[in-house]
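Have a look at the structure below before the remarks.
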Amino acid sequence: MQTKRLFTIAIACLLAAGCAKTTKPDEDATDVVGADGEISRQTGIDTGAVAGGTEYLEPGMLPGDSTLIQETVIYFDFDTARIRPDYSEALSAHARRLVGNQGLNVRLEGHADERGSREYNIGLGERRAQAVRQVLMLQGVSAAQITTVSYGEERPAARGSDEAAWERNRRVEIVYSE
Amino acid sequence: MILRRLTSMLITAIALLSAAPAVAQLRIEINRGVSEAVPVAVVPFGYDGPGQAPIDAAGVIAGDLERSGRFAPLPDDDMISQPTSGREVNFTDWRLLKTDFLVIGSLLDQGADRYLIRFQVFDVFRGAQVLGFQIPASANSLRAASHRAADMIFEKLTGTPGAFSTRIAYVSVTRQGEKDLYRLFVADADGANPRMISESSQPLMSPGWSPDGRRLAYVSFEGSRSAIFVQELATGKRTEVSARPGINGAPAFSPDGRWLALTLSGQDGNLDIHVLNPATGQLRRLTKNPAIDTEAAWSADGKAIYFTSDRSGGPQVYMVPVDGSGGARRITFEGRYNARPRVTPDGASLAVVHNDQGNYRIALVDLETKSTHILTDGRQDESPSIAPNGSMIIYATRVAGRGTLAAVSTDGRISQTLAAAAGDVREPVWSPYPTY
Numbered sequence: 298m299q300t301k302r303l304f305t306i307a308i309a310c311l312l313a314a315g316c317a318k319t320t321k322p323d324e325d326a327t328d329v330v331g332a333d334g335e336i337s338r339q340t341g342i343d344t345g346a347v348a349g350g351t352e353y354l355e356p357g358m359l360p361g362d363s364t365l366i367q368e369t370v371i372y373f374d375f376d377t378a379r380i381r382p383d384y385s386e387a388l389s390a391h392a393r394r395l396v397g398n399q400g401l402n403v404r405l406e407g408h409a410d411e412r413g414s415r416e417y418n419i420g421l422g423e424r425r426a427q428a429v430r431q432v433l434m435l436q437g438v439s440a441a442q443i444t445t446v447s448y449g450e451e452r453p454a455a456r457g458s459d460e461a462a463w464e465r466n467r468r469v470e471i472v473y474s475e
Numbered sequence: 021m022i023l024r025r026l027t028s029m030l031i032t033a034i035a036l037l038s039a040a041p042a043v044a045q046l047r048i049e050i051n052r053g054v055s056e057a058v059p060v061a062v063v064p065f066g067y068d069g070p071g072q073a074p075i076d077a078a079g080v081i082a083g084d085l086e087r088s089g090r091f092a093p094l095p096d097d098d099m100i101s102q103p104t105s106g107r108e109v110n111f112t113d114w115r116l117l118k119t120d121f122l123v124i125g126s127l128l129d130q131g132a133d134r135y136l137i138r139f140q141v142f143d144v145f146r147g148a149q150v151l152g153f154q155i156p157a158s159a160n161s162l163r164a165a166s167h168r169a170a171d172m173i174f175e176k177l178t179g180t181p182g183a184f185s186t187r188i189a190y191v192s193v194t195r196q197g198e199k200d201l202y203r204l205f206v207a208d209a210d211g212a213n214p215r216m217i218s219e220s221s222q223p224l225m226s227p228g229w230s231p232d233g234r235r236l237a238y239v240s241f242e243g244s245r246s247a248i249f250v251q252e253l254a255t256g257k258r259t260e261v262s263a264r265p266g267i268n269g270a271p272a273f274s275p276d277g278r279w280l281a282l283t284l285s286g287q288d289g290n291l292d293i294h295v296l297n298p299a300t301g302q303l304r305r306l307t308k309n310p311a312i313d314t315e316a317a318w319s320a321d322g323k324a325i326y327f328t329s330d331r332s333g334g335p336q337v338y339m340v341p342v343d344g345s346g347g348a349r350r351i352t353f354e355g356r357y358n359a360r361p362r363v364t365p366d367g368a369s370l371a372v373v374h375n376d377q378g379n380y381r382i383a384l385v386d387l388e389t390k391s392t393h394i395l396t397d398g399r400q401d402e403s404p405s406i407a408p409n410g411s412m413i414i415y416a417t418r419v420a421g422r423g424t425l426a427a428v429s430t431d432g433r434i435s436q437t438l439a440a441a442a443g444d445v446r447e448p449v450w451s452p453y454p455t456y
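These protein sequence lines are chains A and V, in that order.
The opening residue of the first sequence carries number 298 in the working numbering; numbering runs sequentially from there.
The opening residue of the second sequence carries number 21 in the working numbering; numbering runs sequentially from there.
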């Protein structure tokens, strides 16, 4: 999980670095128009050994989605299953991918922090997984492509009994399977 | 280099070999006992048989009485005499030592794996026997027979049946490299004899005893989904009784052992209380509410089910009749969080997880007066389970960041910690009385 997040950050940094370089014309650069109309740019290395390449898109996906779908963990505030607005782009990208690939299935794994009773926390984790499921289904994903499972507090992502650990544990993980 | 690798492999192997029992064994420490604990002397038992006595029965009995918090056994070294039969008892010795009660006994090896534990209890002040009994045993059941003797002594002296012959099921979690290993254990009530009955790299949770103490229901997440299993302890044979889409959780046997209350959510994630007859597959839905309804507990007479629901906003305890004759009625009102009810054997109170100013604690709710009495002082106390004699509540707590078991008497006066050597232990459930 940690490595996946790091990877997402690394991609974002590469994109940012590419953008910063746009003052200097670069023949290897490829402009990409994102879902929100923003322009991002990938840049090749000066030696010319590696070309810039373009984003690989599965059917139904929009430019920028391959970055967005690397966001596979949705975090929640205390005692709520409300999805924060900053996840809507990533969830839309996941929805486009699933709509465009009917053979693709996804498992939504809901989790809670460790406070309170265990089976009730299974309920809270399920509520979060269902909130993500609803968002995906509203954007056209078939119910048959989605399963949910709630682990409650049984599989924490972070150890410890402080707010920092609890924040990382209140989450839904999006797990793809063929 | 190779030598070093070999050495480190050897050390790992030794660590693995020795880890299993050390991890599993629980050690009971008494944090708080009653100040008026009754002074009692349990004299080392005589032994009539070849070689050394196969068990220190007096030690087991004295340990049980001491851990109850209600008795203060006299150290062996302080005894003026160590009688093993009634004829040898000199009550003046014991009055001098300010002992209220005296327990003496002997172990007889009758050959062919047959033993007899004989014991007598004397009221020292009156100089009279109050209890005399003998229990047959095999080598394998000597420990159980000693606990049974302690149960009888406890009942004679306190008026409450002892619960030393009972067992405790619990979940232990240890890290194996990057992964967690979940194990379900059953141990004697004093923490001895831990036996692993199930093991998984996916979570195991919510163990619950059948009323005859012969089976355990529990939830397993093997295969990345939840399912409820019932496992026979004697054979290890287990049956999957519910693996429906969505949540299969919180199993609880009915008092007659025929039904299992459980939480099912279906694909749309609406958790409701159901009852299932595992033998026939008959399933009935008891609640129908968009809120979370879970953590069923049967009333003592089996006619109603108490459960946790957050239909009013936060989790509170509700009750619903099992025969479908009425809707759910709210039971708890004090505080914003009352969950996971367990009914006391007399049916008069519920043990719950209660949020007390941000701390999760074990509380008893009086069903008649509705008053809440907080029994513990931890920050994350959960999973209360009541001894079949109603005297103690075992629960899970955290000590120095580790999951630990603890017990508190229902009157709040006695508290104990049951520490495991390593890893987290959680979800303790007290067995019913054994059937003899």
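Don't be surprised by glycine CBs; every beta carbon is placed ideally from N, CA and C.
Three-state secondary structure assigned by DSSP to residue i
i, result
"A73/V", "coil"
"S166/V", "helix"
"S220/V", "strand"
"N297/V", "coil"
"I312/V", "coil"
"A359/V", "strand"
"F273/V", "strand"
"A42/V", "Residue confidence for A42/V is low, a pLDDT of 46 falling below 50, so the modelled location carries little weight; the figure read from the coordinates is stated next. A42/V falls in the helix class under three-state DSSP."
"F375/A", "coil"
"D84/V", "helix"
"L435/A", "helix"
"M339/V", "strand"
"V396/A", "helix"
"T283/V", "strand"
"I471/A", "strand"
"A440/V", "strand"
"D330/V", "coil"
"G331/A", "Note that G331/A scores a pLDDT of 49, beneath 50, so its modelled location is shaky; the value from the coordinates is reported in the next line. Correct three-state label for G331/A: coil."
Residue i vs residue j beta-carbon contact at 7 Å
i, j, result
"S405/V", "P448/V", "yes"
"E450/A", "A409/A", "yes"
"T352/V", "V337/V", "yes"
"D120/V", "P64/V", "no"
"A317/V", "R362/V", "yes"
"R187/V", "S429/V", "no"
"L224/V", "L201/V", "no"
"G322/V", "P265/V", "no"
"L395/V", "G432/V", "yes"
"E315/V", "T328/V", "yes"
"D133/V", "G69/V", "no"
"G422/A", "L291/V", "no"
"T417/V", "A427/V", "no"
"D288/V", "A311/V", "no"
Nearest candidate by alpha-carbon position, reference residue i, set the options
i, options, result
"W114/V", "P74/V, S126/V and S101/V", "S101/V"
"F91/V", "P227/V, V123/V, D444/V and V340/V", "V123/V"
"Q431/A", "S447/A, L359/A, L388/A and S363/A", "L388/A"
"F174/V", "H167/V, G182/V and R168/V", "G182/V"
"D372/A", "M358/A, G357/A and G407/A", "For the record, residue 372/A in the displayed sequence is Tyr; it is not Asp. Nearest option by C-alpha distance: G407/A."
"D76/V", "N309/V, L127/V and E56/V", "L127/V"
"Q436/V", "D84/V, M225/V and V60/V", "D84/V"
"N375/V", "A359/V, N409/V and G421/V", "A359/V"
"L162/V", "A73/V, A247/V and G256/V", "A73/V"
"V469/A", "E460/A, N402/A and R452/A", "R452/A"
"G228/V", "E219/V, Q222/V, V239/V and S221/V", "V239/V"
"S369/V", "R349/V, N297/V, A348/V and H393/V", "H393/V"
"G437/A", "G349/A, A378/A, Q399/A and L365/A", "Q399/A"
"P172/V", "N409/V, G398/V and N297/V", "Residue 172/V is actually Met in this sequence, not Pro. It is N409/V."
"D444/V", "V419/V, P454/V, R146/V and E252/V", "V419/V"
"S218/V", "R87/V, R107/V, S192/V and A209/V", "S192/V"
Contacts that residue i makes with chain A (C-beta to C-beta distance below 8 Å)
i, result
"T314/V", "E416, Y417, I419 and G420"
Contacts that residue i makes with chain V (C-beta to C-beta distance below 8 Å)
i, result
"E411/A", "Q400"
"R452/A", "D200 and P223"
Closer than 7 Å at the beta carbon, the chain V residues around residue i
i, result
"R404/A", "S244"
"S447/A", "I267"
Listed by chain order, chain A residues near residue i by CB distance under 9 Å
i, result
"T283/V", "E416, I419 and G420"
"D84/V", "Correct list: empty, because the minimum Cβ distance to chain A is about 30 Å."
"S403/V", "S414 and R415"
### Message
In chain order, what are the residue ranges of uninterrupted alpha helix (DSSP H) at least 4 long that sit wholly in the stretch 90-144 of chain V?
### Response
111-116
### Query
Fully enclosed by the stretch 361-438 of chain V, which beta strand (DSSP E) runs are 3 residues long or longer?
369-376, 379-386, 392-394, 402-406, 412-419 and 422-429
### Task
Please list the segments of the beta strand (DSSP E) lying wholly inside the stretch 175-253 of chain V, counting only runs of 3 or more residues, in order along the chain.
187-196, 199-208, 215-220, 224-229, 235-240 and 247-252
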